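Visitor: Those protein sequence lines, which keep their order, are chains B and H.
According to the working numbering, the stretch in the first sequence is residues 27 to 205, in order.
According to the working numbering, the stretch in the second sequence is residues 462 to 631, in order.
Here you go, one structure.
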Amino acid sequence: MGTLRVPVTQHDHTKGPANAPVTLVEYGDYECPGCGAAYPIVNLVLRHFGPKLQFVFRHFPLTQVHPNAEPAAESAEFAGAYGRFWQMHDGIYENQDRLGPPLLFALARALELSELELRDALENETYAPKIKSDFLGGVRSGVNGTPSFFVNGHQHEGSYAFEDLVAAIEQHLHAKASL
Amino acid sequence: MSKVLPAGTVAPGFTLRATPDQNLSLSDLAGRPVVLAFYPADWSPVCSDQMALYNEVLPEFNKFDAEVLGISVDGVWCHEAFARDRRLRFPLLADFEPKGAVAKRYGAYREAEGVCERALFVIDRQGVIFWSYCSPVAVNPGADGILDALERLPKQGTSDGHITSSSHAA
């Protein structure tokens with residue numbers, strides 16, 4: 027399986043300490059039902075490991091089958107430019123069943139972001155290059171669909187069930203501890 | 462798993478239906494790199510992800526002037542419905558009659574199930590297999606192997622690196 031070819035940098039959206047012993051990277055699509063199902067599980071995994079785990083989300087929208095995935099990703103990046111990436115990210119996944127332009131603008135409003143600016147950013151595809159760059163990095167790392175996870179740079183071959191993700195992360199924690 | 466044709470083999474030529482009224486021959490694409498993606502069936506979940514992925518990566522393949530062709534034993538009308546449903550922007554070829562004949566020549570046919578393997582070939586501008594890979598049938602092989610191979614391809618081609626018309630039909 028694949029290896030993460032694009033290292034985690036300050037350009038990434040991260041949760042948890044940068045010096046955590048384990049980093050979990052997800053390649054996700056906001057309209058993908060599997061990613062929607064993985065969303066609360068990832069949150070449980072983050073709570074389970076606390077400061078021992080850093081989480082990174084990168085975009086991997088399948089735009090031809092998921093027409094809302096790209097605007098959703100661009101909206102998250104727009105919010106990110108104002109320091110509210112994770113709020114937008116959470117808002118999208120928590121309301122995935124009604125994902126569409128009205129939801130994206132409602133979330134922007136709720137986060138006190140300018141709807142006009144969001145509209146311009148979507149129209150001008152301001153954040154499209156960042157999303158493209160995430161996507162291509164994922165492709166080159168062997169991402170073949172979503173959600174795809176990497177644990178300390180190794181592609182996670184198991185499912186995204188809580189137990190599977192925890193087991194994979196623990197393996198890397200133990201490997202670090204025994205060094 | 463079948464033994465797929467290895468790198469260095471001349472890619473067997475073929476002419477298959479690409480649409481209900483159009484054929485496509487490998488020789489039509491002479492002078493350009495070709496990505497052949499054999500897959501078991503339209504509509505099955507893994508292949509759908511695989512074809513959806515290639516659809517998204519198409520602009521990258523195009524940077525190498527490469528043509529991507531999906532091949533399965535499904536018929537043209539099935540391919541047409543599948544391609545329309547998934548908005549695929551590259552041809553799907555029907556290895557339908559005689560069933561699997563092209564897949565067999567590439568070593569990419571599963572006799573027991575009567576479907577193609579999930580096998581990938583990158584064919585260079587001279588029509589020689591440059592890279593091949595057979596994935597476990599339930600595993601989407603992704604696009605990284607294809608892009609790595611295209612990157613390693615020697616860059617020479619025709620004078621402008623382009624074939625402008627399909628005047629090389631078999």
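Positions of the beta carbon are idealized from the N, C-alpha and C atoms, including for glycine.
Every value quoted in this text rests on a predicted model; they were computed, and no experiment measured them.
Using only CA atoms, which one of B:112, B:190, B:94, B:69 lies nearest to residue 137 of chain B?
Guide: B:112
Visitor: Cα separation between residue 596 of chain H and residue 563 of chain H?
Guide: 18 Å
Visitor: In the DSSP assignment, what are the bridge partners of residue 484 of chain H?
Guide: When DSSP reads this structure, residue 484 of chain H sits in a beta bridge with H:478.
Visitor: Grab me the residues of residue 479 of chain H's own chain with a C-beta within less than 7 Å of its C-beta, minus the 5 sequence neighbours each way, in chain order.
Guide: 485, 552, 554
Visitor: Report the residue ranges of all alpha helix (DSSP H) runs contained in full by the region 118-147 of chain B; include only those spanning at least 4 residues, in chain order.
Guide: 127-136
Visitor: Is the separation between the beta-carbon of residue 64 of chain B and that of residue 186 of chain B shorter than 8 Å?
Guide: yes
Visitor: Residues in its own chain within less than 6 Å of residue 157 of chain B by CB, not counting five upstream and five downstream?
Guide: 85, 99
Visitor: When you compare only the Cα positions, how much space is there between residue 466 of chain H and residue 567 of chain H?
Guide: 5 Å
Visitor: Could you check which residue in H:471, H:487, H:518 has the C-alpha nearest to that of residue 608 of chain H?
Guide: H:518
Visitor: Using 10 angstroms around the beta-carbon of residue 469 of chain H, count the other beta-carbons present and answer buried if the total reaches 16, otherwise exposed.
Guide: exposed
Visitor: Whole angstroms is fine: what's the gap from residue 491 of chain H's alpha carbon to residue 590 of chain H's?
Guide: 13 Å
Visitor: Compare the beta carbon distance of residue 175 of chain B and residue 182 of chain B with 8 Å and say whether it is the shorter of the two.
Guide: yes
Visitor: Does the CB of residue 84 of chain B have a neighbour CB from chain H at under 8 Å?
Guide: no
Visitor: Touching or not, the region 59-76 of chain B and the region 141-151 of chain B, by the rule of three or more beta carbon pairs under 8 Å?
Guide: no
Visitor: Measuring straight from C-alpha to C-alpha, what distance separates residue 30 of chain B and residue 546 of chain H?
Guide: 32 Å
Visitor: With which residues is residue 218 of chain B paired in a DSSP beta bridge?
Guide: It is not possible to answer for residue 218 of chain B, since the shown part of chain B is limited to 27 through 205.
Visitor: Check for me: the beta strand (DSSP E) holding residue 58 of chain B runs from which residue to which?
Guide: Secondary structure note for residue 58 of chain B: it is in no beta strand (DSSP E), with a DSSP letter that is neither H nor E.
Visitor: Give me the Cα-Cα distance between residue 195 of chain B and residue 47 of chain B, rounded to the nearest whole angstrom.
Guide: Between residue 195 of chain B and residue 47 of chain B, the C-alpha separation is close to 10 Å.
Visitor: Alpha carbon to alpha carbon, how far is residue 44 of chain B from residue 104 of chain B?
Guide: C-alpha separation (whole angstroms): 23 Å.
Visitor: Closer than 6 Å by C-beta to residue 42 of chain B: which residues in its own chain qualify, once you throw out the five before and the five after it? Chain order, please.
Guide: 79, 80, 81
Visitor: Have a look at B:89, B:49, B:40 and flag the residue whose alpha-carbon is nearest the alpha-carbon of residue 55 of chain B.
Guide: That would be B:89, whose Cα lies nearest to the Cα of residue 55 of chain B.
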